[in-house]
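Notes follow the structure.
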Amino acid sequence: MTQPIPLGMPELPGRRDRADGPAVGADPPEGDVVALRDGALVDTFGRVARDLRVSLTDHCNLRCTYCMPAEGLAWMAKPQMLTDEELLRVVGIFVELGVRQVRLTGGEPLLRRSLVEVVAGIAALTPRPMIAMTSNGVGLARKAEALAQAGLDRVNISLDTIDKQTFATLTRRDRLDDVVAGLAAAADAGLTPVKVNAVAMRGVNDHHVTDLLEWCLQRGYELRFIEQMPLDAQHQWQRDAMATADEVRERLSQRFTLTPAQGRGSAPAERYLIDGGPATVGIIASVSAPFCAACDRVRLTADGMVRNCLFSRGEMDLRGPLREGAGDRELVRLIRGEMWRKARGHGIGAPDFTQPARPMSSIGG
């Protein structure tokens, strides 16, 4: 049986053409399919995948300017997407391989009609993973209680501003009141702590960051600012339009006293106590100070592709083998191989960086 990998080992065998590139012809060591580090999904740099992001659909009911064009995209047809049975089978395999958190994403996950049933199916797995959902909040007010009853543990809601006009401009939809109602319903249903994700952009909404934080503090929501990433469908991302983590921190510090909190671990956000605590705010410097070295994530797209990195140029097809009758052992081999080939980092700052062909709405956040 393959021996456990020492936690301190920075890199495992597997020739690489570049320090940050994918493994070349490298596959996981032979042996028991779940032998590595007590069954964990390990890559050649020793990172362990514990957090599975599952995209339930690429459809969305907003048209955020930094995500997709006003007319929307060519959505996946239903036959392209994994069925509930297929999805739950794959998630179950990931859980057996050490995944301990499943986050449901989109597109907009609330648009999947069987969402409550999917949540219940994941909650029935053993060991039961923590189940979270990232959503735009539109429509959540109607479903929050049912989702909580089915087993959903908590939610992250995307909300970039509480200014009605700016919200409508950013999302191309006048749905701010629906998002606010969804947040309140999530809190009432016990989907706590309720977290709010915000993207700050220079000259667009960066001047609203302190107002948004004040609004969240008044309602008990935990706010996290995320740097805008090059994942838009139009491939028009520009680094100089992105409000950096340092800029957001500087703006917040003009109104609040921020003290670094302890215990970040593998979490992407640098957390700060606000005015001495206990309330906190998170800032995710995914571009300017990436957390790739501690990344514990893996993604499953709505059409059944495994992606070992948000910015990966490649992906592993599970839908095909699933529908051709592959057994669990074969699926495990494919999943482990894809994770083993995970690159050192996303490479956004590299001269040869290429934006993924899939936009965020198709990959899943």
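Under our numbering, the first residue of the sequence shown carries the number -7, and numbering increases by one thereafter.
Ideal Cβ placement from N, Cα and C applies to all residues, glycine included.
* Taking all protein chains shown into account, do 16 or more other C-beta atoms lie within 10 angstroms of the C-beta of Asp152, making it buried, or fewer, making it exposed? -> Burial call: buried.
* Answer yes if the stretch 49 to 60 comes into contact with the stretch 297 to 310, meaning at least three C-beta pairs across the two stretches below 8 Å, and no otherwise. => The stretch 297 to 310 and the stretch 49 to 60 do not touch, with fewer than 3 CB-CB distances between them shorter than 8 Å.
* Provide the residue span of the alpha helix (DSSP H) that contains Met331, from first to last. => Start and end: Asp320 to Trp332.
* Whether Val188 touches Ile218 by CB criterion (8 Å) -> Contact flag unset, no.
* Under the assumption that Leu215 contacts Ala190 (Cβ atoms under 8 Å), give the Cβ distance between them as a whole number of angstroms. => Contact flag correct, Cβ pair sits at about 6 Å.
* Can you round the beta-carbon distance between Phe299 and Ala235 to whole angstroms, since I take them to be within the 8 Å contact cut? -> A small fix is needed here, since residue 299 is Arg in this sequence, not Phe. Taking 8 Å as the upper bound for CB-CB distance, Arg299 and Ala235 are not in contact here, some 26 Å apart.
* Asked: Cα-Cα, which of Gly131, Arg95, Arg92 and Glu109 is closest to Gln141?
  -> Comparing Cα-Cα distances from Gln141 to each of Gly131, Arg95, Arg92 and Glu109, the minimum goes to Glu109.
* To do: Please classify Glu77: does DSSP put it in a helix, a strand, or coil?
  => Reduced to three states, the DSSP call for Glu77 is helix.
* DSSP on Pro61, reduced to helix/strand/coil? -> Here Pro61 carries a coil assignment [DSSP, helix/strand/coil].
* To do: Starting from Ser150, follow its DSSP beta bridges and name the residues at the other end.
  => According to DSSP, Ser150 bridges with Asn189.
* Evaluate Gly337 with the Cβ neighbour count: other Cβ atoms within 10 Å of its Cβ, from every protein chain shown; 16 or more gives buried, anything less gives exposed. => Counting of Cβ neighbours within 10 angstroms places Gly337 among the buried residues, the total reaching 16 or more.
* **Per-residue burial, Pro2 [other beta carbons within 10 Å of its own, 16 or more giving buried]** => Because the pLDDT of Pro2 is 36, which lies under 50, any placement of that residue in the model is unreliable, and the number read from its coordinates should be weighed accordingly. Looking at its Cβ environment, which holds fewer than 16 other Cβ atoms inside 10 Å, Pro2 is exposed.
* Secondary structure at Ala41, three-state DSSP: helix, strand or coil? -> DSSP places Ala41 in strand when its eight states are reduced to three.
* To do: Compute the beta-carbon to beta-carbon distance between Ala294 and Val240, rounded to the nearest angstrom, for a pair I have assumed lies under 8 Å.
  => Cβ-Cβ separation between Ala294 and Val240: approximately 31 Å, too far for a contact (criterion under 8 Å).
* How is the beta strand (DSSP E) around Val397 delimited, first residue to last? -> What the structure shows of the chain is the stretch from -7 to 357, and residue 397 is not part of that stretch, so it cannot be assessed.
* Mind checking who Pro71 pairs with in its DSSP beta bridge? => According to DSSP, which records beta bridges pairwise, Pro71 is partnered with nothing at all.
* Asked: Around the Cβ of Arg350, are there at least 16 other Cβ atoms within 10 angstroms (buried) or fewer (exposed)?
  -> With 16 or more other Cβ atoms inside 10 Å of its own Cβ, Arg350 counts as buried.
* Just to confirm, are Leu205 and Phe248 a CB contact at a threshold of 8 Å? -> Closer than 8 Å, so yes.
* To do: Please report the Cβ distance between Leu265 and Ala253, rounded to the nearest whole angstrom; I am assuming they are in contact, meaning their Cβ atoms lie under 8 Å.
  => Leu265 to Ala253, Cβ: 5 Å. Contact.
* Asked: What residue from Val94, Pro282, Gly212 and Val290 has the CA that sits closest to Gly269's CA?
  -> Residue Gly212 is the option with its Cα nearest to Gly269.
* Asked: Looking only at DSSP bridge pairs, what is Asp309 linked to?
  -> Asp309 is bridged by DSSP to Met297.
* Roughly how many angstroms separate the alpha carbons of Gln72 and Arg311, rounded to a whole number? -> Our two residues, Gln72 and Arg311, have alpha carbons roughly 9 Å apart in a direct line.
* Pro252 (DSSP reduced to helix, strand or coil) -> In the displayed model, Pro252 falls within a strand according to three-state DSSP.
* Delimiting residues of the alpha helix (DSSP H) encompassing Arg247 -> Neither: Arg247 is in no alpha helix (DSSP H) and is coded neither H nor E.
* Near Glu88, what residues of its chain come up, given a Cβ to Cβ distance below 6 Å and the 5 sequence neighbours on each side ignored? -> The beta carbon of Glu88 sits closer than 6 Å to no other beta carbon from its chain once the five residues preceding and following it are set aside.
* Quick one: grab the DSSP three-state call for Gly356. => Gly356 falls in the coil class under three-state DSSP.
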